Amino acid sequence: MDYDIAVIGAGIVGSLIARELSRYRLDICVVEKEADVAMGASKANSAIIHAGYDPEPGSMKAALNVRGNAMYDRLANELEVPFKRIGSLVLAFTEEDMFTLKTLYDRGLKNRVPMLEIVAKDRARSMEPNVSGDIIGALYAPTAGIVCPYELTLGSVENAMGNGVDLKLESPVAGIEYAGGVFTLHTPEQKISSRYVINAAGLYADAVANLIGDTSFSIRPRKGEYLLLDKTQGNLVGRTVFQTPTAMGKGVLVTPTVDGNLLLGPTAEDVESKEDISTTRPGLTGIIKGALKSCPGINLQEVISSFAGLRAVPSTGDFIIGPSKANGRFINVAGIESPGLTAAPAIAEYVKGILRDTGVGLLPKADFNPHRKAICRFHSIGDADRKKAIMRDPRYGRIVCRCEEVTEGEIVSSIKRPAGARDTDAVKRRTRAGMGRCQGGFCLPHVIRILSEELDIPMDKITKSGGNSVILGEKTK
Amino acid sequence: MMGGGSAVLNVDLTVIGGGPAGLAAALEASENGVRDVLIIERGGELGGILQQCIHNGFGLHIFKEELTGPEYAYRFIEKVIARKINYKLNTMVLDISADRVIRAVNGSDGLVEIKAGAVILAMGCRERTRGALNIPGTRPAGIFTAGAAQRFVNIEGYLPGKKAVILGSGDIGLIMARRLTLEGAEVKAVCEILPYPGGLNRNIVQCLKDYGIPLRLSTTIVEIHGRERVTGVTVARVDEKREPIGSSFEFIECDTLLLSTGLIPENELSRKAGVLIDPVTSGPVVDESMETSVKGIFACGNVVHVHDLVDYVTEESRIAGKSAARFILDGGAYGTGLIKTRAGQGIRYVVPQLIRKNRLDNDMKLSFRVTGGYKDVVIAVKSGDRTITSVKKPKVSPGEMESVKIGKIHGDSFKDCDLITVQLENG
Amino acid sequence: MISKNIICTVCPLGCGIDVSLSDKNEILEIRGQGCKRGLSYAQAECLAPARVLTTTVKVEGGGSRLVPVKSDGPLPKDLLLDCMEVIDNVSVKAPVKIGDIVFRNILDTGINIVATKSLN
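Protein chains in written order, with my numbering: chain P, 650 to 1126; chain Y, 31 to 457; chain R, 43 to 162.
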């Protein structure tokens, strides 16, 4: 079939664009190279919805950051994704830092960030008793928030699919032809035809743009490493705690996550390879040093995991969103580094506007449903709902992941839903099974068995994250 | 009762965990007069971790025989069934309160609320993970804790991979080195960060030496490689501060990494009940009766402190079972005359942390672990400067739990003391 | 003359025992043992090292894929991997009772492989 719109990349940006466009009578597909959605930066970031005082006034980043921030309550509500507007503090330890705070404050005013204020040491420490006693002040932004970025991506994709969007996974685009008003995308399994293309390919957006002869920008990978701590540390701080930013980025933050863990990081290191998501010793020690400066009481015995993500840094210094000079029907949405997650809903809105201006007719669907029902989580519901769930399906009474209280029913559901899980990491991201303190030690055999049963695939073919990441070796007999 | 219902049960004794600790405790309570016992087990069968420990070496003390894990478990399971002790399988305890109300769930009963006369915590422990170890590198498939790999090999019947490196020379790592080799995988090395191995000599011989598997002491893993699946690890020798020595970095090709770097008592439920936890053992503070800081809640086995021999788990759990029975049948009068125990020089921790003087009818065991490997030492139990008792030991190491008996024969020594210290002295 | 160094595993002391053997594998001298048991252990280890084998066997029918088994006596150490190959091709029909012989007289050693768990 000929699509009207093909979105390349099922990260948060591509997914929200697809969902936004699914309001209209258009044939849309999302083309993703990995085995699941949210496999790039969308699953390895700080998960912060920034208030918006960081970006340069007048930049796309600034406008889309603030607009996106304001859209989160409604979006999270419609997609049933956890979001908490907890507020943030930027700490100042020196007079120089205080000057930086003033600069951020002024910038924030210009960017129209609501309710910003510079608070004195005592007020900051009464808000956050576990913050260092060495601070001399802080910038308080009540509109900052935290979200689960891969849950949001998944929710957007599920909602988009519910409204008619096709999802094609494991479909890297190797070539693009354009003839007679139609693009042909070449993927290993098939050719996809579409009248318009949205290039939301993250780290590889430059490579994808090159496929139509657009060499106007390049994307450089900048690594950020993180440490995740057990929920016992989750209320060390109630808000996201930043230090003053540098040229490389916003610096190491200390933040609760929506699920109640404590997240430390990121570092900022330019790396060679777009595939290098390894953590490093200097990186992990750097995070610890930075985090302890903000909150000296962090109990590092409670680290349960570490990971790294790669920011897509644009050569132009700002988001690259607009029709390509090489082809006006090819819309680049590239270089979406921080504040990309915050800006994403506003980016989707903006891209819709671009398409309309390019001549795409946007006729609203009568039956568009903005609501997506999330997987029913045993952990989060009350006894009455638990009883109902078990009555409907006894698998909701069988707890598979003890640490996060995840039942077999939820795991099965995560596999059977649209854009369902096909590997253990996908199950993990959808249900949290394996994200607790034992990191899958108890539940992994059960998750593999359930995947094997539901997908009718032998256990020794189940992977961690698609491709060759097979978990088990041969049968012993 | 079909799913979706909610049962409220009154049970005299609820035992959380149907592994060796829970089984022994439940049996002992039953044999001491408690008629209404319920074991709650999250797995599909009783026996706990023993069911995947198919190797032998269990029972030398308790049964004077050398049994495999499943055989040892069966000795208790058999009796549990014969005595008609109730148990629920595939059932997870969600919550427990200080007044001993337990909330649990399974697929057939739905949500269950149990009001227990007494509770015995026997949840065992979990393994230390790669994340907690902060090993840098990639996050490919092929990284397992040794116990998880053991489950795959012995229960599901799958090797974790073809070529393995094992980090940690504790017994689980050593046992798995042999198991993998017997099943046709290649174990390239066992790396141990300390300058001495963690497991029993018997396992060094029968698991490593027998198969020519190199044991690399003072060595740790500094990086994991491989994008989708492990392709290798970088190992390094460490200095006296256990810091990697840069010039010693060496790449070992493998597709599997097994981690055997320590066990952590699983006390999430204990914390929910408000039980006081000892920060050194990570388990509940217990007294000589294995009672925790919460009246009527007892604890035993690996949830209290990590054991090396299941025989000692059984011994300790029988104490808990007997005490719980006494609590239920005699109304739980508290013991009087509190003595605290303390880990002195050379000792990492002592269990029990409290002793009640009037309960010292018989000999009791003080269990402890030392902080390092020492030869020709004396273990002294002291009250101030007075030595209550002492034992000579030709060799002690952190990997082997030690114990010393104290009892009524030392009675007078206890009259005025409120603090006992266990310490190492030169022989 | 061959020299072997053995760690005794009879007790936690783990004495290092040095054994000198002739070219015909006769024991010439044993030194370093802490006790009589260590002496016997060293002798056995040099002349006829043997180990109990524990592993799993395929099960046909029933609920579990595997049943844990052990050799009902120590097997010659150098035969263990060959025994494993034999056992690889063995399967037993459910139900199995703990103690059941699943394979008799493995590799002519007189030792049987027995189930260590009952399965339905």
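Virtual Cβ for every residue (Gly too), placed ideally from N, Cα, C.
Since the structure is predicted, the reported quantities are computational estimates derived from the model, not experimental observations.
Point to revise | Continuous alpha helix (DSSP H) assignments of at least 4 residues falling wholly in the segment 135–178 of chain Y | key: 160–163
Practice item. Determine, using beta carbons only, whether residue 776/P comes closer than 8 Å to chain Y. Key: no
Exercise for review: Identify whether residue 1110/P lies in helix, strand or coil by the three-state DSSP scheme.
Suggested key: helix
Review point. CB residue 980/P to CB residue 999/P, shorter than 8 Å?
Key: no
**Study point:** Collapsed DSSP secondary structure at residue 698/P in the structure displayed
**Key:** strand
Check your understanding: Which of the three DSSP states, helix, strand or coil, is assigned to residue 905/P?
Key -> strand
Review point. Among 132/R, 73/R, 121/R, 123/R, which one has its Cα closest to the Cα of residue 110/R?
Key: 132/R
**Study point:** Members of the segment 1080–1114 of chain P that neighbour chain R once the beta carbon cut-off is set at 8 Å
**Key:** none
Point to revise | Sequence-distant residues of its chain with Cβ nearer than 8 Å to residue 122/R (five each side left out) | key: 93, 95
Check your understanding: Are at least three pairs of beta-carbons, each pair with one atom in the segment 108–119 of chain Y and one in the segment 79–98 of chain Y, less than 8 Å apart?
Key -> no
Review point. Cα separation between residue 957/P and residue 1106/P?
Key: 30 Å
Exercise for review: Figure out for me which residue from 1032/P, 667/P, 825/P, 891/P has the closest Cα to the Cα of residue 994/P.
Suggested key: 667/P
Point to revise | Buried versus exposed call for residue 1053/P [16 or more other C-beta atoms within 10 Å across all chains shown] | key: buried
Check your understanding: Can you tell which of 428/Y, 287/Y, 86/Y, 140/Y has the C-alpha that lies nearest to the C-alpha of residue 1034/P?
Key -> 140/Y
Point to revise | Among 42/Y, 165/Y, 198/Y, 180/Y, nearest to residue 145/Y - alpha-carbon criterion | key: 42/Y
Check your understanding: Start and end of the alpha helix (DSSP H) containing residue 1040/P?
Key -> 1032–1041
Practice item. Look at the alpha carbon of residue 116/R and the alpha carbon of residue 153/R, and state the distance between them as a whole number of angstroms. Key: 8 Å
Point to revise | Outcome for residue 31/Y when other beta-carbon atoms lying within 10 angstroms are tallied against a minimum of 16 | key: Residue placement at residue 31/Y cannot be trusted, given a pLDDT of 40 that sits under 50; the coordinates are not used to answer.
Practice item. Please classify residue 1067/P: does DSSP put it in a helix, a strand, or coil? Key: coil
Exercise for review: Would you give the residue range spanned by the beta strand (DSSP E) that residue 329/Y belongs to?
Suggested key: 327–329
Check your understanding: Should residue 902/P and residue 885/P be called a contact, given that it needs their Cβ atoms to be closer than 8 Å?
Key -> no
Check your understanding: Can the beta-carbon of residue 293/Y be found closer than 8 Å to that of residue 332/Y?
Key -> yes
Check your understanding: How about residue 931/P and residue 672/P: do their beta carbons lie closer than 8 Å?
Key -> no
Point to revise | Counterpart residues of residue 637/P in DSSP-defined beta bridges | key: What is shown of chain P runs 650 to 1126, which leaves residue 637/P out entirely.
Check your understanding: Rounded to whole angstroms, how far is the Cβ of residue 77/Y from the Cβ of residue 47/Y, which I believe are closer than 8 Å?
Key -> Residue 77/Y to residue 47/Y, Cβ: 11 Å. No contact.
Practice item. Could you tell me which of 259/Y, 220/Y, 240/Y sits nearest to residue 250/Y, measuring between CA atoms? Key: 220/Y
Review point. Between residue 98/R and chain P, is there a C-beta pair that is closer than 8 Å?
Key: yes
Check your understanding: Rounded to a whole number of angstroms, what is the C-alpha to C-alpha distance between residue 693/P and residue 376/Y?
Key -> 44 Å
**Study point:** DSSP three-state assignment for residue 237/Y, whether helix, strand or coil
**Key:** helix
Point to revise | First and last residue of the uninterrupted alpha helix (DSSP H) at residue 1095/P | key: 1093–1104
Check your understanding: Which two residues bound the contiguous alpha helix (DSSP H) that contains residue 812/P?
Key -> Taken as a continuous stretch (DSSP letters only), residue 812/P belongs to no alpha helix (DSSP H), as it is neither H nor E.
Practice item. Under 8 Å by Cβ, that's how I've got residue 253/Y and residue 167/Y pegged, so tell me the actual separation to the nearest angstrom. Key: 4 Å
Exercise for review: Can you have a look at residue 33/Y and say buried or exposed, based on whether 16 or more other CB atoms are within 10 angstroms of its CB?
Suggested key: Summary for residue 33/Y: the model assigns pLDDT 48, below 50, so the residue's position carries little reliability, and this model does not support an answer.
Review point. What are the boundary residues of the alpha helix (DSSP H) that includes residue 85/R?
Key: 78–89
Review point. Between the segment 921–937 of chain P and chain Y, which residues of the former have CB atoms less than 8 Å from a CB of the latter, in chain order?
Key: 924, 926, 927, 928, 929, 930, 932, 933
Review point. List, in order along the chain, the chain R residues whose C-beta lies closer than 7 Å to that of residue 236/Y?
Key: 93
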